[in-house]
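Input: a single structure, listed below in structure tokens.
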Amino acid sequence: MLNLIPLPYKSEDKYGEFIINSSTSVYADHELAKAAEAFVSLVEKVCGYRIHTVLSKKAAVKFLYDRVQPEEGYRIECTTEQLNVYASGYTGAFYAVMSLRQLFCMDVPEKPTVLTMHAVSITDKPRFGWRGVMLDESRHFFGAEVVKRLLDAMAMYKLNVFHWHLTDNEGWRVEIKKYPRLTQVGAQRRGTQTLAWGKPNIINWVPYGGFYTQEQIKDIVAYAKARNIMIVPEIDMPAHFAAAVAAYPHLSCGGKQIEPSVRHGDNADIIACAGKETTYKFIYDVLDELCELFPAPYFHIGGDEANKKEWKKCPDCQKTITEKELKDEEALQGYFNNKIALYLKRKGKTLIGWNEILTTDNLERGVVAQYWTSYRDKNVIRHAADARKFIISKHQYFYFDMPYAKVRLWDTYSFEPEDIALSEENSLGVEGPLWTEWVPDEARLQFQLFPRIEALSEVAWSPKEARDYDGFRKRLRKRLVALDRLKINYAPENIWDKRGLAANKINHAFVRRNAHIEYERAMRHRRRAKNQ
Numbered sequence: 012m013l014n015l016i017p018l019p020y021k022s023e024d025k026y027g028e029f030i031i032n033s034s035t036s037v038y039a040d041h042e043l044a045k046a047a048e049a050f051v052s053l054v055e056k057v058c059g060y061r062i063h064t065v066l067s068k069k070a071a072v073k074f075l076y077d078r079v080q081p082e083e084g085y086r087i088e089c090t091t092e093q094l095n096v097y098a099s100g101y102t103g104a105f106y107a108v109m110s111l112r113q114l115f116c117m118d119v120p121e122k123p124t125v126l127t128m129h130a131v132s133i134t135d136k137p138r139f140g141w142r143g144v145m146l147d148e149s150r151h152f153f154g155a156e157v158v159k160r161l162l163d164a165m166a167m168y169k170l171n172v173f174h175w176h177l178t179d180n181e182g183w184r185v186e187i188k189k190y191p192r193l194t195q196v197g198a199q200r201r202g203t204q205t206l207a208w209g210k211p212n213i214i215n216w217v218p219y220g221g222f223y224t225q226e227q228i229k230d231i232v233a234y235a236k237a238r239n240i241m242i243v244p245e246i247d248m249p250a251h252f253a254a255a256v257a258a259y260p261h262l263s264c265g266g267k268q269i270e271p272s273v274r275h276g277d278n279a280d281i282i283a284c285a286g287k288e289t290t291y292k293f294i295y296d297v298l299d300e301l302c303e304l305f306p307a308p309y310f311h312i313g314g315d316e317a318n319k320k321e322w323k324k325c326p327d328c329q330k331t332i333t334e335k336e337l338k339d340e341e342a343l344q345g346y347f348n349n350k351i352a353l354y355l356k357r358k359g360k361t362l363i364g365w366n367e368i369l370t371t372d373n374l375e376r377g378v379v380a381q382y383w384t385s386y387r388d389k390n391v392i393r394h395a396a397d398a399r400k401f402i403i404s405k406h407q408y409f410y411f412d413m414p415y416a417k418v419r420l421w422d423t424y425s426f427e428p429e430d431i432a433l434s435e436e437n438s439l440g441v442e443g444p445l446w447t448e449w450v451p452d453e454a455r456l457q458f459q460l461f462p463r464i465e466a467l468s469e470v471a472w473s474p475k476e477a478r479d480y481d482g483f484r485k486r487l488r489k490r491l492v493a494l495d496r497l498k499i500n501y502a503p504e505n506i507w508d509k510r511g512l513a514a515n516k517i518n519h520a521f522v523r524r525n526a527h528i529e530y531e532r533a534m535r536h537r538r539r540a541k542n543q
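Encoded structure:
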């Protein structure tokens with residue numbers, strides 16, 4: 012069995028082993044030199060010595076340009092004497108290095124003097140082009156080093172999109188130089204809700220804040236690019252907009268005087284005024300600055316959970332509905348989205364929104380929808396029939412803030428687009444969102460994400476016919492040693508797939524009391540094991 016996650020497109024075991032030691036040499040065609048250097052650096056980090064880069068093709072390890080390989084694809088031919096990597100560019104060659112990292116068991120606790128892998132032939136390419144993880148930093152702010160560690164982990168598993176939810180009611184997390192109050196006011200809140208939806212008055216009254224400067228954003232974007240990861244920012248609008256309105260009240264209908272939300276669900280009625288040109292001027296100015304920071308061809312504007320009762324009362328919104336001959340407030344959101352979409356299009360970017368943006372028929376054809384709602388959305392089916400593209404993040408498969416008893420590892424691993432009446436042709440790919448209302452620190456973040464992102468990576472990368480959950484679990488058990496070495500606080504195996512009464516108890520406690528039974532039990536068990 013090939014011990015590799017995600018499982019490759021095609022592989023064939025061969026006889027014998029290939030060994031790397033201090034005398035091993037590496038050759039690279041110039042197109043793949045950066046990837047070869049990444050491999051050399053990995054070996055040095057693990058073994059403590061640097062293998063030699065040579066100009067001769069007689070080297071034991073060769074990175075060879077092969078223009079027939081897909082952009083994200085690669086081929087590995089490994090015998091007892093030779094290790095050859097074939098790729099058409101850095102992207103495919105980098106993914107080959109990530110596979111070699113696992114095949115050579117580089118993530119081990121000790122410092123080996125040699126590295127060994129079984130001889131094998133691998134031909135590999137991804138199933139989906141969009142293989143993403145979303146991190147919400149509005150509810151809780153983690154900082155650059157945590158984000159970089161997450162990007163490192165994503166790269167290991169060939170995940171290539173980091174969707175960065177940077178604004179919401181609870182905080183605005185990115186510097187906008189033209190509007191300094193967004194971080195002076197919008198990034199700060201007086202406290203944080205610490206108990207569940209049913210107990211809204213349990214507040215930790217400790218001031219909370221944080222944001223990224225534009226220089227930090229540039230650094231993180233470059234860090235991600237070196238790992239083949241595209242960062243797609245999300246500035247949530249027109250709803251989930253309270254942090255912006257707290258800083259600049261004129262952006263709302265009626266100039267509401269509010270503060271960033273302390274309780275999750277507060278300010279649910281706050282919405283950007285879609286009838287005032289000053290709102291669009293603000294948004295365009297924000298987009299101007301952010302499009303300079305994020306080179307990705309996509310920009311996410313949220314668009315979900317927009318309560319339109321303020322629009323119904325707002326003279327400016329009603330005037331726009333009349334003048335533009337719009338049917339109703341749903342059509343007004345379509346009008347709002349289209350204005351943003353066209354502005355982004357002029358900047359070479361495609362708008363993405365959550366699937367609630369599909370409630371109207373007047374939406375630009377190129378707009379991409381991210382399908383998250385747990386119910387089967389008839390608007391998704393309708394738009395899919397009209398060839399609209401989707402990113403799949405269905406709640407019951409990919410919402411990684413949920414307890415494992417609610418979204419089991421099996422649920423994530425077993426997903427197929429046809430389960431939700433979509434085809435592969437409609438799907439750009441899959442993404443696992445991590446909302447952080449109840450994720451206050453990196454330890455909890457890692458617990459919620461690992462090993463779910465391993466399952467996500469295999470859904471996103473591996474061919475459907477190659478996937479087998481029992482085989483995946485066997486390979487995953489061997490990867491846990493690597494996660495231990497990397498000091499990743501993963502969820503233990505005994506909670507991955509709970510069912511029945513035990514699962515019901517966990518879920519009930521989470522929904523009613525925000526009691527994180529499975530996390531608390533796992534951490535107690537881990538502490539006891541360390542002390543023994």
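In my numbering, each number is its position in the sequence shown, counted from 1, plus 11.
Heads up, the beta-carbon is just placed ideally off N, CA and C, and yes, glycines get one too.
query: If Y259 sits next to Y190, beta carbons under 8 Å apart, how far is it from one beta carbon to the other, in whole angstroms?
result: Y259 to Y190, Cβ: 7 Å. Contact.
query: Hey, how far is the Cα of F401 from the Cα of Q543?
result: The alpha-carbon of F401 is positioned some 49 Å away from that of Q543.
message: Does G140 pass the burial test, meaning 16 or more other C-beta atoms within 10 Å, or should it be called exposed?
response: Result: exposed.
task: Would you kindly report the start and end of the unbroken alpha helix (DSSP H) that includes W322?
output: Unbroken alpha helix (DSSP H) run through W322: 320-324.
- prompt: How many whole angstroms separate the CB atoms of V391 and A398, which I take to be in contact at a CB cut-off of 8 Å?
  reply: Going by Cβ atoms, the distance from V391 to A398 rounds to 13 Å, so no, they are not a contact pair.
- prompt: At what residues does the beta strand (DSSP E) containing W365 begin and finish?
  reply: From DSSP, the beta strand (DSSP E) with W365 extends over 361-365.
Per-residue DSSP class, three states only, for L278: The residue you asked about is not Leu; residue 278 is Asn in the sequence shown. N278: coil per DSSP, three-state reduction.
- request: Kindly indicate the opening and closing residues of the alpha helix (DSSP H) around H406.
  value: It spans 406-409 - the alpha helix (DSSP H) in which H406 sits, taken as one unbroken run.
query: Candidates Y408, E121, L456, F74: which alpha carbon is nearest T102's?
result: Here the closest residue by C-alpha is F74.
- prompt: Quick one: any contact between the segment 343-360 and the segment 298-317, if contact means 3 or more CB pairs under 8 Å?
  reply: Taking a cut-off of 8 Å on C-beta distances, the segment 343-360 touches the segment 298-317, as three or more cross pairs fall below it.
message: Would the segment 196-204 count as touching the segment 125-132 if we require 3 or more Cβ pairs under 8 Å?
response: Not touching, per the Cβ criterion.
- prompt: What distance in whole Å lies between the Cβ atoms of V172 and V108, which are believed to be in contact at a cut-off of 8 Å?
  reply: Contact between V108 and V172 fails: their C-beta atoms lie close to 19 Å from each other, not under 8 Å.
message: Does D135 pass the burial test, meaning 16 or more other C-beta atoms within 10 Å, or should it be called exposed?
response: It is buried - the Cβ of D135 has at least 16 other Cβ atoms within 10 Å.
- request: Give every residue of the same chain whose Cβ lies closer than 6 Å to the Cβ of A47, excluding the five residues on either side of it in the sequence, and list them in chain order.
  value: Excluding residues up to 5 positions away in sequence, V37, A39, F74 lie with their Cβ nearer than 6 Å to the Cβ of A47 in the same chain.
field: contact_flag[the segment 506-522, the segment 413-420] where n(CB pairs < 8 Å) is 3 or more
entry: Touching, per the Cβ criterion.
- request: Would you decide whether A237 is buried or exposed? Buried here means 16 or more other CB atoms lie within 10 Å of its CB.
  value: Counting Cβ neighbours within 10 Å, A237 comes out exposed, since fewer than 16 surround it.
Among M241, Y60, K350, E270, nearest to F252 - alpha-carbon criterion: Nearest of M241, Y60, K350, E270 to F252, Cα basis: E270.
- request: Please classify Q344: does DSSP put it in a helix, a strand, or coil?
  value: When secondary structure is reduced to three states using DSSP, Q344 falls in the helix class.
- prompt: How many Å lie between S438 and Y60 at the Cα?
  reply: Using only the alpha carbons, I get a separation of about 44 Å.
- request: For Q195, I'd like the list of residues in its chain whose CB is within less than 8 Å of its CB, leaving aside the five on either flank, ordered along the chain.
  value: These residues qualify, in order along the chain: A258.
query: Between the C-alpha atoms of C89 and N500, what's the straight-line distance to the nearest angstrom?
result: Rounded to the nearest angstrom, the two C-alpha atoms are 33 Å apart.
- prompt: Does the distance from the C-beta atom of R142 to that of K122 stay below 8 Å?
  reply: No Cβ-Cβ contact shorter than 8 Å links R142 with K122.
query: Helix, strand or coil: which one does DSSP assign to H176?
result: It is a strand residue.
task: State the start and end residues of the unbroken beta strand (DSSP E) segment that holds A39.
output: Annotation for A39: the continuous beta strand (DSSP E) segment containing it runs 36-39.
message: Check this for me: beta carbons of R486 and V119, under 8 Å apart or not?
response: Against a cut-off of 8 Å, the Cβ pair of V119 and R486 comes out as no contact.
task: Please state whether DSSP places C284 in a helix, a strand or coil.
output: The answer is coil: DSSP assigns C284 none of H, G, I, E or B.
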